[in-house]
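Just below is one structure, and these are the notes that go with it.
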Amino acid sequence: MRAVALRGRVVGILAILVTVVVFLVPFAFIFVTAAKTAPEANQLAFSLPTEWALWDNVVAVLTTRDGIVLRAFINSTVITVAAVTLKVLFAAMVGYVLQRRQSRWNAIINFFVLAGLIIPPAVVPTIWILQGLGLFKTIPGLILIEATFGLSFGILLVRAFVAGIPRELDEAAVIDGAGPIRLFFQVVLPLLRPVLITIIVVQSVAVFNEFQNALYFLPGAQNATVQLTLYNFSSQELSQYNLLFMDILLITIPPLVMFIFFNRQIVAGMTSGAIKG
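For the sequence shown, our numbering gives the first residue as 160, with consecutive numbering after it.
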């Protein structure tokens, strides 16, 4: 028993050390570089700054190009909130229907759901469709793109979670006179809270940090998102590493805060869906 306990303790210590090296060391490098002056930051040395310029770099980043970083934060927040809201709503409805109602169409729908996880998105046809709808280079267009690309992940989680909800609850609500809409929104949806929190947090971080979709489907300085602002501080002629790393630090803070506060809910939602599925 002592050998087993000692082995478990050693494994735990090694896991902590690996976590520190993989996650905390890069974050520390970003922070100290963001706090340096331009000449010192350009050396890319992992050392404390001789002159702290943390606040000056924050002001410089936020005021660059008439405050493009602030506009980018607003755009990314709007896109994230709208896209994740659509994802959660449709994932909950589709996942519930797929689990509760068996029909000949289920196999076809499941194929397309899995295809959404496996097949990469086609950029050119998507741009062509957006142009036809008049949504190319618009925030609503990117919202629809983001809501669609992450939908399969949410559907699978919700479907696995709904499998653990007794059908008797649905039947009791129907006997009490609840229609399909009232049954879903007043009875089923509150029970999906753990898995929906998981989807909200994971997909919010994914959408907020999305770079490729914003680059392809939302070009233009007025439509900039936070990830695209990194171009402002790095080019072939000049690299302002202190401002670049400060921008990275500011972009990292919102997702980091979400994971810190909702870490337990994420794990609970993922494991509940896995066990009940």
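For every residue, glycine included, the Cβ atom is placed at its ideal position computed from N, Cα and C.
How far does the alpha helix (DSSP H) with Leu292 in it extend, from its first residue to its last?
Residue mapping note: residue 292 aligns to position 133 of the sequence shown, counting from 1. Annotation for Leu292: the continuous alpha helix (DSSP H) segment containing it runs Val282 to Leu292.
Pair every Cβ in the region 383–393 with every Cβ in the region 367–374, then say whether three or more of these pairs are closer than 8 Å.
Yes: at least three Cβ pairs fall under 8 Å.
At what residue ranges does the region 216–266 contain a whole run of the alpha helix (DSSP H), taking only runs of 4 or more?
Taking only runs of at least 4 residues, the alpha helix (DSSP H) segments lying wholly in the region 216–266 are 227–259.
Nearest neighbour of Pro279, chosen from Leu301, Ile288 and Gly309 [CA to CA]:
Your numbering for residue 279 matches position 120 in the sequence shown. Residue nearest to Pro279 within the set Leu301, Ile288 and Gly309 is Gly309 (criterion: CA-CA distance).
For Arg318, is the classification buried or exposed, using 16 other Cβ atoms within 10 angstroms of its Cβ as the cut-off for buried?
Taking the first residue of the sequence shown as position 1, residue 318 is located at position 159. The residue in question, Arg318, is buried, as its Cβ has 16 or more Cβ neighbours within 10 Å.
Cα separation between Phe421 and Thr223?
In the sequence shown, residue 421 corresponds to position 262, counting from 1. In the sequence shown, residue 223 corresponds to position 64, counting from 1. Taking the straight line joining both Cα atoms gives about 33 Å.
Determine the DSSP secondary structure at Trp211, reduced to helix, strand or coil.
One-based indexing of the sequence shown puts residue 211 at position 52. In this structure, Trp211 counts as coil in the three-state DSSP scheme.
With DSSP as the reference, label Ile278 as helix, strand or coil.
The residue given as residue 278 occupies position 119 in the sequence shown. Look at Ile278 here: in three-state DSSP terms it is coil, with no helix or strand label.
When the Cα atoms are used, what is the spatial distance from Glu330 to Ile267?
Residue 330 sits at position 171 when you count from the first residue of the sequence shown. Residue 267 sits at position 108 when you count from the first residue of the sequence shown. Cα to Cα, the separation comes out at about 27 Å.
Can you tell me whether Gly338 is buried or exposed? The criterion is at least 16 other CB atoms within 10 Å of its CB, across all chains shown.
On the sequence shown, position 179 is the one that residue 338 refers to. Gly338 should be labelled exposed.
Residues near Pro414 in its chain [Cβ-Cβ closer than 7 Å; skip 5 each side]
Within the sequence shown, the letter at position 255 stands for residue 414. Closer than 7 Å at the Cβ level, and outside the excluded window around Pro414, lie Val364, Phe367 and Asn368.
Taking 8 Å as the limit between beta carbons, can you name the residues of its chain near Ile286, skipping five residues before and five after?
Translated into the one-based positions of the sequence shown, residue 286 becomes position 127. Same-chain partners within the cutoff: Phe295, Tyr375 and Phe376.
Enumerate in chain order the residues of its own chain whose CB-to-CB distance from Ile359 is below 7 Å, with the five nearest sequence positions on each side excluded.
The residue labelled residue 359 in the question sits at position 200 within the sequence shown. Taken in chain order, the residues that qualify are Val243 and Val247.
Give a yes or no on whether the C-beta atoms belonging to Ile314 and Ala250 are separated by under 8 Å.
Locating residue 314 in the sequence shown gives position 155, where the first residue counts as 1. Locating residue 250 in the sequence shown gives position 91, where the first residue counts as 1. Yes.
The alpha helix (DSSP H) with Gly146 in it runs from where to where?
The chain is shown only over 160 to 436; residue 146 falls outside these bounds and no answer can be derived.
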